[in-house]
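K.L.:
In our numbering, the protein residues as written are 1 to 245.
Yeah, the Cβ is synthetic: ideal placement off N, Cα and C, and Gly gets one too.
Please read these numbers as outputs of a predicted model, since none were measured by experiment.
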Amino acid sequence: MATRLVQVNMKAQDDSVLGRFWAEALGWGVDSEGPGVTNLEPVGFAYPDPAAVCIDIIARPEPKTVKNRVHLDLATTSTAHQAELVARLKDLGATLADVGQGDVPWTVMADPEGNEFCVLEPRPVYRDTGPIAAVVVDCADPRAMARFWDGAMDWTLHEAADDHATMRSARGVGPYLEFVRTNDGKSVWNRVHLDVAPYRGDDLAAEGARLRALGATDPGIDQSAISWTVLADPEGNEFCLLSPR
Numbered sequence: 001m002a003t004r005l006v007q008v009n010m011k012a013q014d015d016s017v018l019g020r021f022w023a024e025a026l027g028w029g030v031d032s033e034g035p036g037v038t039n040l041e042p043v044g045f046a047y048p049d050p051a052a053v054c055i056d057i058i059a060r061p062e063p064k065t066v067k068n069r070v071h072l073d074l075a076t077t078s079t080a081h082q083a084e085l086v087a088r089l090k091d092l093g094a095t096l097a098d099v100g101q102g103d104v105p106w107t108v109m110a111d112p113e114g115n116e117f118c119v120l121e122p123r124p125v126y127r128d129t130g131p132i133a134a135v136v137v138d139c140a141d142p143r144a145m146a147r148f149w150d151g152a153m154d155w156t157l158h159e160a161a162d163d164h165a166t167m168r169s170a171r172g173v174g175p176y177l178e179f180v181r182t183n184d185g186k187s188v189w190n191r192v193h194l195d196v197a198p199y200r201g202d203d204l205a206a207e208g209a210r211l212r213a214l215g216a217t218d219p220g221i222d223q224s225a226i227s228w229t230v231l232a233d234p235e236g237n238e239f240c241l242l243s244p245r
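Right, here's the structure in full:
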């Protein structure tokens, strides 16, 4: 058994407004499962497919209070493209953000609800990822996080070092999943988190048990009314184990 990363879950005070921003930012289509739920995926995309990690935006009334521990890095193809993308995102409602990055070649921004993301300078490694270069997770120990997620998913671990680790779909398509060492610890429930799913025919309960054996924990919430399973990785970051698909 194994899982794979299928989407990034974002909480928003207005899911439809934030959904329109990210759809325009990425050039993706917008769908809605009902009030308070907005789904984003590439036009013509057949979910799930490692060629893209989709975005699921869920309405929640609580405002953002701290820097997110999960964010998106957007890919560019040239210095001119980077500048053009930054300008276009500003027109859509994004703002420049300071998270202590200092003088770096990438641009740190925040979407209309304050969620941080980066517009990267052109890098050859991201030339075929699509608009999202990487999904980035802040952590204290990238090596330990890589060990857990390498066991949890059937993605390929490309690199693991003291300050960062990198994974990608075994098919070599879509964005990377990256773990970056930071000094700030987790203090609140994550407003942005990973959603993973087993493959069709796998058993959800058995997969949950396997992930717990690898080091996942239960966050101690009532899950009786949901069809998926909420777990936390070894550093306490919540993630959802969706139904097999």
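Is the distance from the Cβ of Arg245 to the Cβ of Pro48 below 8 Å?
P.N.:
The answer is yes: Cβ separation under 8 Å.
K.L.:
Compute the Euclidean distance between the alpha carbons of Asp138 and Arg181, then round it to the nearest angstrom.
P.N.:
The alpha-carbon atoms of Asp138 and Arg181 are separated by roughly 6 Å.
K.L.:
Could you tell me how far apart the beta carbons of Pro122 and Met1 are, in whole angstroms, since I believe they sit closer than 8 Å?
P.N.:
Contact doesn't hold; Cβ gap of about 38 Å is too wide.
K.L.:
Would you decide whether Pro142 is buried or exposed? Buried here means 16 or more other CB atoms lie within 10 Å of its CB.
P.N.:
Buried, because 16 or more other Cβ atoms sit within 10 Å of the Cβ of Pro142.
K.L.:
Taking Pro124 as the reference, give the member of Thr76, Met145, Thr166, Gln82 with the closest Cα.
P.N.:
It is Thr76.
K.L.:
Where does Pro198 sit, in a helix, a strand or coil, going by DSSP?
P.N.:
Of the three classes helix, strand and coil, the one that applies to Pro198 here is strand, per DSSP.
K.L.:
Can you tell me which of the three DSSP states Glu178 falls into?
P.N.:
It is a strand residue.
K.L.:
Count the other CB atoms within 10 Å of the CB of Arg4; is the residue buried (16 or more) or exposed (fewer)?
P.N.:
Burial call: buried.
K.L.:
Confirm, please, whether the CB-CB distance from Gly34 to Ile58 is below 8 Å.
P.N.:
Result no, Cβ atoms of Ile58 and Gly34 do not sit closer than 8 Å.
K.L.:
According to DSSP, is Phe45 helix, strand or coil?
P.N.:
In this structure, Phe45 counts as coil in the three-state DSSP scheme.
K.L.:
Assign Leu74 to buried or exposed, taking buried as 16 or more other Cβ atoms, counted over all protein chains shown, within 10 Å of its Cβ.
P.N.:
Buried is the call here.
K.L.:
Can you tell me whether Thr166 is buried or exposed? The criterion is at least 16 other CB atoms within 10 Å of its CB, across all chains shown.
P.N.:
The residue in question, Thr166, is buried, as its Cβ has 16 or more Cβ neighbours within 10 Å.
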